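Note that numbering that gives the first Met the number 0 numbers the sequence shown so that position 166 is 165, with each residue one more than the last. Don't be surprised by glycine CBs; every beta carbon is placed ideally from N, CA and C. Just so you know, these numbers come straight off a predicted model, no measurement behind them.
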Amino acid sequence: MTRPIAHAVSRRHAVLAGAALGLAAGSGRLRAAPGAFTIRFSHVVAEDTPKGLAARRFQALVQERSAGRITVTIYPEAQLYGDHDEVQALQLGAVEILAPSLSKFGRIGFPEFELFDLPYFFPDVARVRRITQGALGQRMLARLERQRLVGLGFMDNGFKHMSANRPLLEATDFVGQRMRIQASRVIAAQMRALGAQPVTLAFSETRRALAAGVVDGTENPVSNFWTQGMQEVQTDLSLTEHGYLGYAVVTSQRFWQALSPSDRALVRDAMEQALAFGNQIADTQNEKAFAALRGYAGTRIHALTAGQKDRLRGAVQSVHAGLAQRIGADWLDQARSALQRTE
């Protein structure tokens, strides 16, 4: 049975309040039990997505290498916290690890992360990784210390496509459509540039909003579209490949500093291997979801021509210029240099 929204919100507020009281009293959960402890890993997507599978690989590695001394409990599909409150929960000690989408970091003081949301900025995942797996990505993660966060690495999901109850092949097709987005100035500007109305909703609320007609469409990699059952409430998926969706795995400085050096090394090494696994299977999971979707009669799949993609690309170019100052010219220049480098 669907959990009432009001109950979920009140429960989350109660947990956050309890975490705040615990911090005020100086009751560090790790310091009270320096031997065995639990890591709570919260995320908002399904367990059979690239993120969900990477979280499970991390869980298995940590528990095996610690001989069960460290337990990892995973809370998928926003069971604990959603898009709007998960970072606060992490900072208050109510959860130990998150994997928010890169869009989330713009609104907490790191606008450089918004470059990942720019439409038609990245030609392929291999070149995204020039940033996320390179020196520029490491500098971005290091800056998270300003918000008492520790960046443990980046995770791919893949390229996004547009869905609605009509084909979305030309900019004129978007006019008047209410498109669900995550909280991102860049993605909001992208939708407005196409003539659509951006509507910010938590990921966990999206399918229900589509079913109720609160919004008309959204954007997702195919793995998210399929695992959330959006094919049951959207008649058309247009393969726009217009933007990248990725995540940064983060923990809090408080949790990280409370770990012993050996446990810190164990957790970091397990996470590096889990992220490598998740990134390796991201393409595979999207391909599997796409194959399943092709066998589903309720959703029409539309491949765009090169000309249609070029026209969409032209329609959203104003987004790049309009948000360059906010993202930071230096960050954008470094990103473009990495993308243009010959390897």
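Relative to the alpha-carbon of residue 78, which residue among 248, 300, 46 has its alpha-carbon at the smallest distance? 46
Skipping 5 residues on each side, what residues in its chain have a beta carbon closer than 7 Å to that of residue 151? 248, 249, 250, 267, 270
From the DSSP output, in three-state form, read off residue 132 for me. coil
Check whether residue 166 and residue 235 have beta carbons under 8 Å apart: yes
Along the chain, where does the alpha helix (DSSP H) containing residue 291 start, and where does it finish? 260-293
Find the nearest neighbour of residue 191 within the set 200, 177, 95, 275, judged by alpha-carbon distance. 177
Can you grab the Cα-Cα spacing for the pair residue 146 / residue 86, in whole Å? 10 Å
Kindly list the residues whose CB is nearer than 7 Å to the CB of residue 208, restricted to its own chain and excluding five residues on each side of it in sequence; keep chain order. 179, 200, 214
Environment of residue 316 [buried if 16+ CB atoms lie within 10 Å]: exposed
Alpha carbon of residue 59 to alpha carbon of residue 168, nearest angstrom: 43 Å
Is it true that the stretch 318-330 meets the stretch 253-267, where meeting means three or more beta-carbon pairs spaced less than 8 Å apart? no
Excluding five sequence neighbours on each side, which residues of the same chain lie with their C-beta closer than 7 Å to the C-beta of residue 345? Residue 345 lies beyond the residue range present for the chain, which begins at 0 and ends at 342; the question has no answer from this structure.
Do residue 288 and residue 221 have their beta-carbon atoms positioned less than 8 Å apart in this structure? yes
Would you kindly report the start and end of the unbroken alpha helix (DSSP H) that includes residue 221? 221-226
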